[in-house]
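The sequence shown begins at 1 in this note's numbering and counts up one residue at a time.
Here's the structure, in structure tokens; my notes come after.
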Amino acid sequence: ASLAQQLHIILRDQTALYYHLPPVEAYDKPVFRRVPILMRDGKTELHATLATPGGPVQRRPTILVRTPYGSNGQDPIATLYLERRFNYIVQDTRGRFDSGGDFFPIQDERQDGADTVEWIKKQPFSDGRIGVHGISYMGMCALAAAGSGDPGVVSAVPTLASSEIFSVAFPAEGAVALELLAMWTWLITEMGKKSHRAGFFVMEAALRTKFYIGWTVEKTVKQACLALPLKNMDKALVGTQVAYIR
């Protein structure tokens with residue numbers, strides 16, 4: 001097995017042990033496919049990787065993850081749910097990768113999350129019960145979907161995520177957390193260029209942040225934060241205009 005496959009297996013098995021998950025159920029090889037999900041405006045499609053247990057289509061609960069880091073691939077966490085007869089969906093948020101529209105952090109996540117939940121409920125593989133989860137920004141997407149009030153969302157497990165973005169982005173009496181904004185903007189831009197697989201979006205983010213900060217990113221971020229006027233921070237950071245900074 002390749003290193004990626006070995007890491008996939010280790011992550012899956014160790015997570016199952018840590019959380020005392022119920023035993024694996026026997027099932028056929030799962031099916032992964034890309035699906036477009038139409039939003040309420042009738043024209044914007046957000047694309048996702050849908051994974052379902054193999055064999056005849058049956059109505060089952062579905063786990064939804066919404067991410068700006070790339071959904072085109074096999075998420076190792078999906079295996080944990082598929083082995084226990086859940087469906088699993090990882091969706092590119094608006095304006096990211098294959099999804100239409102323009103990306104603006106947080107702004108559309110409640111509405112798009114609600115539209116995605118509604119779409120899932122209407123599918124032949126869904127029993128109407130949906131769980132949302134995610135880490136960091138994905139956790140905020142989970143909170144946004146849960147906060148839509150749809151009764152189909154029966155569980156939410158956000159990790160390292162805030163329900164109040166203002167206090168994160170403006171921690172000191174309205175002052176912008178520039179270094180955090182710059183680092184995240186750099187990271188999401190780099191992921192947009194190089195990552196197209198859901199399977200390692202968490203690992204990839206962690207590794208890139210750890211290694212690149214020590215080499216070039218720390219310097220880049222500091223220089224960008226000193227750019228004047230501040231609206232030019234985006235060009236100093238990633239070489240182009242970023243709408244949510246401006």
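Built from N, CA and C at the ideal position, the CB exists for glycine as well.
From a predicted model like this one, the values you see are computed outputs, not experimental measurements.
Problem set entry | Ranges of the beta strand (DSSP E) found wholly within the region 70–158, counting only runs of at least 3 | Annotation: the region 70–158 contains the following complete segments of the beta strand (DSSP E) (minimum length 3 residues), in chain order: 87–92, 126–135.
Problem set entry | Which listed residue (Leu228, Ile63, Thr240, Leu180) has its alpha carbon closest to that of Thr79 | Ranking the options by Cα distance to Thr79, first place goes to Ile63.
Problem set entry | Neighbourhood of Arg110 by C-beta distance below 8 Å, restricted to the same chain and skipping five residues each side | These residues qualify, in order along the chain: Ala144, Ala145, Gly147, Ser148.
Problem set entry | Of the residues Arg66, Glu118, Ile106, the one placed nearest Ser163, counting alpha carbons only | Of all alpha-carbon atoms in Arg66, Glu118, Ile106, the one lying nearest the alpha-carbon of Ser163 is that of Ile106.
Problem set entry | DSSP three-state assignment for Val65, whether helix, strand or coil | Strand at Val65.
For this session: Return helix, strand or coil for Thr44, following the three-state DSSP convention.
Result: In this structure, DSSP gives Thr44 a state outside helix and strand, which the three-state scheme calls coil.
For this session: Could you spell out the range, first to last residue, of the alpha helix (DSSP H) harbouring Val165?
Result: The sequence as given places Ile at residue 165; Val does not occur at that position. Per DSSP, the unbroken alpha helix (DSSP H) holding Ile165 starts and ends at 165–169.
Exercise. Leaving out five residues before and five after Gly152 in sequence, what residues of the same chain have Cβ atoms less than 6 Å from its Cβ?
Worked result: Contacts found: Val117, Lys121, Gly128, Ile130.
For this session: Could you check what DSSP says for Leu187 in three-state terms: helix, strand or coil?
Result: Here Leu187 sits in helix by DSSP.
Exercise. Apart from the five residues on each side of it in sequence, which residues of its chain come closer than 8 Å, Cβ to Cβ, to Glu45?
Worked result: Closer than 8 Å at the Cβ level, and outside the excluded window around Glu45, lie Pro36, Ile37, Leu38, Met39, Ser99, Gly100.
Exercise. Using the rule of at least 16 other Cβ atoms within 10 Å of the residue's Cβ for burial, across every protein chain shown, is Ile245 buried or exposed?
Worked result: Buried, by the Cβ-count rule.
For this session: Go through its chain and collect everything with a Cβ distance to Pro53's Cβ below 6 Å, but skip five positions before and after it.
Result: So the qualifying residues of the chain are Tyr27, Pro30, Leu82, Arg85.
Problem set entry | Cα-Cα separation, Thr159 to Ala243 | When the Cα atoms are used, Thr159 and Ala243 turn out to be separated by approximately 27 Å.
Problem set entry | Contacting residues, own chain, Cβ-Cβ under 7 Å from Ala236 (five flanking each side not counted) | These residues qualify, in order along the chain: Gln223, Ala224, Ala227.
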